[in-house]
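Position in the sequence shown (first residue = 1) + 2 = our numbering.
Structure record follows, encoded as structure tokens.
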Amino acid sequence: MPTPLPTGPLVTRGTLAKDLAELGVRPGEILLAHTSLSSLGWVCGGPVAVVQALLDVLGPDGTLVVPTQTADLSDPAGWSNPPVPEEWWPDIRAAMPVYDPLITPARGVGVVPETVRTWPGARRSAHPHTSFVALGPRAAEITDGHAPDCRLGERSPLAVLERLGARVLLLGAGYDTCTSFHLAEYRIPAPPVEVGRPGPDGWAAVTEPSISSERFDELGRDFERDRPVVRGGVGAAAARLFPVADAVAYAERWLARHRPRASEPE
């Protein structure tokens, strides 16, 4: 039986750039993008075309930022998708590679961020679990200074993006991926949680506030209802565009009222 033809739509670098511009992405701005390649349709050129289109619209004065998280560099005792046998835990902790911004691949955030990570001129932040990569003239300013004991708080690129007036682009991605909401969690008192990871001197543990994306979809629906969010289509994907600062401010109030358990460890 012959392989069925793709249903499309056919999407190219040019059509993506046109759709992004019509959505409202502006030349020269700073854009934090959360992406789903599969939602766009049949993309000629795959993730490379998506990154090219984003850079085309942002222009030489714009800066593209993506999350390049590496949650796999963590304590195997907490793994659930999938778990590993308990008798493996000590050996995994002893053998796990140390985070290297240049070579450690992103995991769980899609193929577009991994493509940005390897792009010429990309700058990556230093946190071994929740790094960000940036391309453009503000890249160093955004990624430098990411404290190793601050996943997504005041000493992370999120706080810099908020200060610089960056906007979030959800490109086929849902509000459950919106890392800006986590900055709000850091501003709500929360009991600390111990986070394990490999370090230069062996297995290490640091203490950080607990974070969780629980109910972020619901938070996003309310945010979109109450605040101005630009909505449109890019290829076959639903897209949303809004300021980081608006998302953080709204999430601070919403989480305090609707998700009191946000302050409890995961």
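We put the beta carbon where it would ideally sit given N, CA and C, even for glycine.
As the structure is a computational prediction, the values presented were derived from the model and not from experiment.
Are there 16 or more other CB atoms within 10 angstroms of the CB of residue 93, so buried, or fewer, so exposed?
exposed
Can you pull the DSSP bridge partners for residue 44?
12
Spatially closest choice to residue 53 from 133, 177, 101 and 37, by CA coordinates:
37
If contact is defined by three or more beta carbon pairs under 8 Å, each pair taking one atom from either stretch, is the region 12-27 in contact with the region 210-230?
By the criterion of at least three beta-carbon pairs nearer than 8 Å, the region 210-230 is not in contact with the region 12-27.
Might you give, ordered along the chain, the residues of its own chain that have their beta carbon closer than 6 Å to the beta carbon of residue 242, omitting 5 neighbours on each side?
Residues of the same chain with a CB within less than 6 Å of the CB of residue 242, apart from the 5 flanking positions on each side, are 172, 231 and 233 in chain order.
Could you tell me whether the Cβ atoms of residue 11 and residue 237 are closer together than 8 Å?
yes
Decide yes or no for the touch test of the region 84-99 against the region 174-189: beta carbon pairs closer than 8 Å, at least 3 of them.
No, the region 84-99 is not in contact with the region 174-189.
Extent of the continuous alpha helix (DSSP H) run through residue 72:
Looking at the DSSP string, residue 72 is not in any alpha helix (DSSP H), and its letter there is neither H nor E.
To the nearest angstrom, report how far apart residue 148 and residue 34 are at their CA atoms.
16 Å
Residue 40 to residue 131 span [Cα, whole Å]
25 Å
Could you check the C-alpha separation between residue 267 and residue 160 for me, to the nearest Å?
Low confidence applies to residue 267: its pLDDT is 38, below 50, so where it sits in the model is not reliable enough to give any reading.
If you measure between the beta carbons of residue 135 and residue 179, is that distance less than 8 Å?
no
If you draw a straight line from the C-alpha of residue 123 to the C-alpha of residue 194, how long is it?
36 Å
Mind checking residue 82: buried by the 16 CB within 10 Å criterion, or exposed?
Taking all protein chains shown into account, residue 82 has fewer than 16 neighbouring C-beta atoms within 10 Å of its C-beta and is therefore exposed.
Along the chain, where does the alpha helix (DSSP H) containing residue 159 start, and where does it finish?
159-166
Report buried or exposed for residue 211, applying the criterion of at least 16 other Cβ atoms within 10 angstroms of its Cβ.
buried
According to the Cβ coordinates, are residue 114 and residue 68 closer than 8 Å?
Judged by their CB atoms, residue 114 and residue 68 are nearer to each other than the 8 Å cut-off.
Same chain, Cβ closer than 6 Å to residue 13, neighbours up to 5 away in sequence not counted
42, 43, 45 and 237
Identify every run of the beta strand (DSSP E) within the region 69-145, keeping only runs that are complete inside it and at least 3 residues long; order them along the chain.
Counting only runs of 3 or more, we get 134-137.
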